[in-house]
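Single-structure report; data block below.
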Amino acid sequence: IESTGAIENLNNSTSRHVDPSRQNDSFGNGLSELSKQLRIQQAKNQQQENYIDRLERQLRILLELKGISLKEIKASLDRASEAEAHGEMRNRVKELKSQLEVNALDKS
Numbered sequence: 220i221e222s223t224g225a226i227e228n229l230n231n232s233t234s235r236h237v238d239p240s241r242q243n244d245s246f247g248n249g250l251s252e253l254s255k256q257l258r259i260q261q262a263k264n265q266q267q268e269n270y271i272d273r274l275e276r277q278l279r280i281l282l283e284l285k286g287i288s289l290k291e292i293k294a295s296l297d298r299a300s301e302a303e304a305h306g307e308m309r310n311r312v313k314e315l316k317s318q319l320e321v322n323a324l325d326k327s
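So for the sequence shown, the working numbering puts the first residue at 220; every next one is plus one.
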C-alpha cells in the first residue's frame, strides 16, 4: 500500500513538471520580445537625440545672430528652473502643513 502511494506521488510530481524545451521556448520568446522592445526604445532615443542636436544647432545659429551665447542662455534657463522648483517646493510644503493641521484637528 505504501509503494502505491509513492508511485502516485511520483506520477503527480512528473505530471506537474513543465517540459524543459517548452519552458526554454517561452523564456526565449520573452527575451526576444524584451530585445525587440529595447531596440525600439533605443531607436526612439536616437531619434530624440538627433532632434535635440538639430534644435541646438538652430538655436546656436539664432543666438550668434543676436550676439548671445548658448552658454549664457543655458545658465539663464538653469537659474529660472531652480527658482521655479524652489517655488513649487514651498507651495508643496505649505500644502502638506495644511493637511497635517487638518489631520491633527480631525484626531482631536
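All residues carry an ideal CB built from backbone N, CA and C; glycine is no exception.
Inter-residue CB distance, residue i and residue j (contact presumed, cutoff 8 angstroms)
| i | j | result |
| --- | --- | --- |
| residue 282 | residue 292 | 6 angstroms |
Beta carbon of residue i nearer than 7 angstroms to that of residue j
| i | j | result |
| --- | --- | --- |
| residue 298 | residue 289 | no |
Residue i versus residue j - alpha carbon distance
| i | j | result |
| --- | --- | --- |
| residue 302 | residue 259 | 36 angstroms |
| residue 261 | residue 275 | 21 angstroms |
| residue 307 | residue 300 | 10 angstroms |
| residue 316 | residue 325 | 14 angstroms |
| residue 311 | residue 321 | 15 angstroms |
| residue 277 | residue 304 | 28 angstroms |
| residue 285 | residue 295 | 16 angstroms |
#### Entry: Ranges of the beta strand (DSSP E) found wholly within the stretch 259-289, counting only runs of at least 3
none
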